[in-house]
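Position one of the sequence shown corresponds to residue -16 (the numbering used here), numbered consecutively onward.
No residue lacks a Cβ here, since even glycine has one placed at the ideal position from N, Cα and C.
Note that the coordinates shown come from a computational prediction; the quantities given were computed from them, not determined experimentally.
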Amino acid sequence: MTPTEPAPASASALWRFSLRFYALPGVAPACIELQDNAGVDVNLLLYLLFVAGHGRTLDRDGVARADAQVSAWREGVVRPLRALRRRMKPGIESTDAAAAERLRGEIKRAELEAERIEQDALERLAGGPDVERRDATPLEAARANVAAYAQFLGGLPEQPVAVLLEAYAAAQRNDRSG
C-alpha cells in the first residue's frame, strides 16, 4: 500500500480506514516488514483490523476463506505490479531516467488501484458468515484477528505486530476522545 493522495469521499469505509491507519507513525514500515519477511497480505491484515473496529472476529478458517477470495487477484495482479515497481526503483541502465520514473509512477498508481479493488472484495465479506460478532472491544478483536492470521501463516514476527497493535490501540483511544 503506497497511498499518494487522500481517499475520495466515495471511497469504501475499508479503504478510508486503511489509508488513515497506514499513515500512522510506524505502521507503514511494520506492514512492509510483515509483507516482505512473513508473507502477509497487507490488505487482508487491514481488513482484519477494520472488522475488529466493529468488535468482529475471524478464526483461522475464516481468515483462510478470506484469503482464498483474494489470492488469485493478489498473485496475478497486485504482486506482479509491486515487483515491477520495485524492480524499477533503482533505475535501469540505458533508459531515460525521467521517463522511467514517470512510468514507475503510473505503475505505482495501478498497484494502488489494484489494492483498492482487492479491498473492495474483502469489504464485501465483512457481513458474511465468517465474521463473528463478539462481545469484544475493538482492541481485543484486533488481537484475536491478528492471532488468527498468524495461525494461518504459521506465525508472525512479534515486533512489527506489536507496532501495529499499539498504533491500533492509540487510534482507538483517539477515536473515543475525538
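Reference residue i; option with closest CA among the options
| i | options | result |
| --- | --- | --- |
| residue 40 | 152, 153, 127, 136 | 127 |
| residue 58 | 46, 87, 98, 74 | 98 |
| residue 152 | 138, 71, 84, 7 | 7 |
| residue 122 | 103, 145, 104 | 145 |
| residue 72 | 91, 62, 55 | 91 |
Residue i - DSSP class collapsed to helix/strand/coil
| i | result |
| --- | --- |
| residue 39 | strand |
| residue -13 | Below a pLDDT of 50, predicted positions are generally treated as unreliable, and residue -13, at 47, falls in that range; no measurement from the model is reported. |
| residue 116 | strand |
| residue 137 | coil |
| residue 22 | coil |
| residue 108 | coil |
| residue 94 | helix |
| residue 84 | helix |
Anticipated Cβ contact below 8 Å, residue i with residue j, distance rounded
| i | j | result |
| --- | --- | --- |
| residue 134 | residue 43 | 4 Å |
| residue 108 | residue 23 | In fact, because the Cβ distance is near 18 Å, the residues do not count as touching under 8 Å. |
Bridge partner(s) assigned by DSSP for residue i
| i | result |
| --- | --- |
| residue 123 | In the DSSP output, where bridge partners are listed per residue, residue 123 has none listed. |
Exercise. Pick out the complete beta strand (DSSP E) segments inside the segment 38 to 72, 3 residues or longer, and give them in chain order.
Key: none
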